[in-house]
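Under this note's numbering, the first residue of the sequence shown carries the number 6, and numbering increases by one thereafter. Note that beta-carbon positions come from the ideal geometry of N, C-alpha and C, so glycine has one too. Note that this is a predicted model, so its numbers are computed, not measured. Report on one structure; see the data block that follows.
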Amino acid sequence: MELDLKVCALPLGCRLRRFRRLRQIKQERLAADLGVSQGLLSRWEAGQHEPSAKARARVETLLERHESVGIDLTLRRLIETAPFPVHLVCDDTHALLSVSPARQAQWRISAASFFGVSLWRYATAEIIERELQLQELGWFEEVWSGAVQFTTGGSDDPDMPIPPSIIRWERIGISDGRVGRLVTSIDPI
6 MELDLKVCAL
16 PLGCRLRRFR
26 RLRQIKQERL
36 AADLGVSQGL
46 LSRWEAGQHE
56 PSAKARARVE
66 TLLERHESVG
76 IDLTLRRLIE
86 TAPFPVHLVC
96 DDTHALLSVS
106 PARQAQWRIS
116 AASFFGVSLW
126 RYATAEIIER
136 ELQLQELGWF
146 EEVWSGAVQF
156 TTGGSDDPDM
166 PIPPSIIRWE
176 RIGISDGRVG
186 RLVTSIDPI
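Take a look at the structure:
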């Protein structure tokens, strides 16, 4: 089952609001930088209005520019020395940010070729199903502090196989303003 990542990604208005609030930027200032009114920016953030294609491109460029900043060194060190299968992806784009040796050992291709690349195409049916439920669960709300745990039957992808296991997703803030998703395999089935 192929699913367009843009359908699952956090809505643009929510991403823009989170970007602005994490950096303590006033709506007026960001609106001026984007060449729109404060009221229009407010409607985008509230999901009441969609930006034009030209405005959307400006917003996406702004957000992508800030996605290239590296993750916290401490967080990266903890993940890269973890004795169990764990990796960190960007919660919005599913781009790989960090991976443990145990997780890398499950893959048939070096993790180096996946850094900054969305892992969405490797999602199992269970992962896709759970992703589609996140909005209802309140996952993308700023106050969310829980975890989601579910079972996946796995896949035998030639590059990135996923063993049948219990998966645990946890949200974690990254210093560059993004939110990461810590993906841990709890127990093989």
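Around the beta carbon of S105, 16 or more other beta carbons lie within 10 angstroms, which makes this residue buried.
When C-alpha distances from L67 are compared across W149, A36, H99, the shortest belongs to A36. Taking all protein chains in view, the Cβ of D192 is surrounded by fewer than 16 other Cβ atoms within 10 Å, so the residue is classified as exposed.
In the three-state reduction of the DSSP assignment, W49 falls in the helix class, which pools H, G and I.
Ranking V122, T189, I179, Q29 by CA distance to the CA of F155 puts T189 first. With respect to L101, L124 sits close: the two C-beta atoms are nearer than 8 Å.
For T79, the uninterrupted alpha helix (DSSP H) segment begins and ends at 78 to 85.
At a Cβ-Cβ threshold of 8 Å, Q43 and E55 do not count as neighbours.
Distances from the CA of W174 to each of P168, D164, S150, I114 were compared; the closest alpha carbon is that of S150.
The Cβ neighbour count for G185, taken over all protein chains shown within 10 Å, is at least 16; the residue is labelled buried. Between A117 and the set E85, C19, L78, the nearest pair of CA atoms involves E85. In the structure shown, G178 falls within a strand segment according to DSSP collapsed to helix, strand and coil. Going by C-alpha positions, R81 is about 22 Å away from R28.
Between the alpha carbons of V122 and L78 lies a gap of roughly 19 Å. Taking the Cα of A128 as reference, the smallest distance to any Cα among F24, G158, L46 is reached at G158. Relative to I177, the option among A152, E141, S115, Q111 whose CA is nearest is A152. In chain order, G18, L21, R22 place their CB closer than 7 Å to the CB of E50, counting only its own chain and leaving out the 5 sequence neighbours on each side. In terms of Cβ geometry, D161 and R113 do not form a close pair [threshold 8 Å].
Residue pairing from DSSP leaves Q109 without any beta-bridge partner.
For A152, no alpha helix (DSSP H) run applies; the uninterrupted beta strand (DSSP E) run containing it begins and ends at 152 to 157, by DSSP.
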